[in-house]
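Asks:
Numbering (this note's numbering), first residue to last: 294 to 458.
1. Name the residue from 440, 391, 365 whose alpha carbon lies nearest to the alpha carbon of residue 422.
2. Apart from the five residues on each side of it in sequence, which residues of its chain come closer than 7 Å, Cβ to Cβ, to residue 357?
3. Does chain D have any CB closer than 9 Å to the CB of residue 423?
4. Using the C-alpha atoms, what's the distance from residue 397 back to residue 412?
5. Suppose the cutoff is 7 Å on Cβ atoms and the five residues either side in sequence are ignored; what does the same chain contact list for residue 378 look like?
6. Return the first residue and the last residue of the beta strand (DSSP E) that residue 357 is part of.
7. Check residue 410 in the structure and name its three-state DSSP category.
8. Based on the DSSP output, what are the partners of residue 382 in its beta bridges?
9. By Cβ distance, which residues of its chain are closer than 6 Å to residue 362, with the 5 residues on each side in sequence left out?
10. Going by C-alpha distance, which of 441, 353, 438 is nearest residue 402?
11. Give the secondary structure of residue 455 by DSSP, where H, G and I count as helix, E and B as strand, and everything else as coil.
12. Using DSSP with H/G/I as helix, E/B as strand and the rest coil, what is residue 370?
13. If we count the other Cβ atoms within 10 Å of its Cβ and call it buried at 16 or more, is residue 433 buried or exposed?
14. Just confirm the distance between the C-beta atoms of residue 389 and residue 450, as a whole number of angstroms; I'd bet it's less than 8 Å.
15. Between which residues of its own chain and residue 241 is the CB-CB distance below 7 Å, once the five residues before and five after are set aside?
16. So, is residue 442 buried or exposed, given that buried needs 16 or more other C-beta atoms within 10 angstroms?
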């Protein structure tokens, strides 16, 4: 009989008792976590100036069809681009001279609000720009042939772009 009492005593302090204590600790943590979830903090309120109904039209267009954009460059003249409703041509009006160019255009979306826009102006220069309407930045190149027998000259420009409507 001494063995049976000893075995019971060993179980009370042995590995089975340790498992029970561990399970009790896990249960206590679970109950504490449930208490936090059951009583969440109050919802935050959005100020009137940030409420959806007070926001204007989105500045990030899905496409440029029928849109007008203002371009301003860090160096050189800026202008206004009006894209045709079908997206296949544009009218560029230079800010400094008022010169207008009507030409075919290729517009390729890169991602939401960012477009690669390429056209040839009336001087023969090929203009390629990445127009980012999310940040309002434009980066572009102008490839010109000032001397038909010579190599092309490539100019780069950076600046800003935004829709005027």
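The beta-carbon is built from N, C-alpha and C at its ideal position, and this holds for glycine as well.
Note that the structure is a prediction, hence the values are computed from the model and not measured.
Replies: Based on what the coordinates show:
1. Along the chain shown, one-based indexing puts residue 422 at 129. Residue nearest to residue 422 within the set 440, 391, 365 is 365 (criterion: CA-CA distance).
2. Translated into the one-based positions of the chain shown, residue 357 becomes position 64. Cβ neighbours of residue 357 beyond the five flanking positions: 376, 380, 400, 408.
3. The chain labelled as chain D is not found in the depicted structure, where only one protein chain is given.
4. Start at 1 with the first residue of the chain shown, and residue 412 comes out as number 119. Start at 1 with the first residue of the chain shown, and residue 397 comes out as number 104. Rounded to whole angstroms, residue 412 to residue 397 spans 6 Å at the Cα level.
5. Your numbering for residue 378 matches position 85 in the chain shown. Its chain contains 358, 359 as the residues whose beta carbon lies nearer than 7 Å to that of residue 378, once the 5 sequence neighbours on both sides are disregarded; these appear in chain order.
6. Along the chain shown, one-based indexing puts residue 357 at 64. Taken as a continuous stretch (DSSP letters only), residue 357 belongs to no beta strand (DSSP E), as it is neither H nor E.
7. Translated into the one-based positions of the chain shown, residue 410 becomes position 117. In this structure, residue 410 counts as strand in the three-state DSSP scheme.
8. Sequence index remark: in the chain shown, residue 382 carries index 89 (1-based). Partner(s): 397.
9. To locate residue 362, count along the chain shown from 1; it is residue 69. The residues are 374, 454, 456.
10. Stepping through the chain shown from its first residue, residue 402 is reached at position 109. When each option's Cα is compared against that of residue 402, the closest is 353.
11. Residue numbering aside, residue 455 sits at position 162 when the chain shown is read from its first letter. Residue 455: strand per DSSP, three-state reduction.
12. Locating residue 370 in the chain shown gives position 77, counting from the first residue. Three-state result, residue 370: coil.
13. Locating residue 433 in the chain shown gives position 140, where the first residue counts as 1. Counting Cβ neighbours within 10 Å, residue 433 comes out buried, since at least 16 surround it.
14. For the purposes of this step, residue 389 is taken as the residue at position 96 of the chain shown. For the purposes of this step, residue 450 is taken as the residue at position 157 of the chain shown. Contact doesn't hold; Cβ gap of about 14 Å is too wide.
15. No answer is possible for residue 241: it lies beyond the span of the chain, which begins at 294 and ends at 458.
16. The sequence position of residue 442 within the chain shown is 149, counting from 1. Residue 442 is exposed by the Cβ-count criterion.
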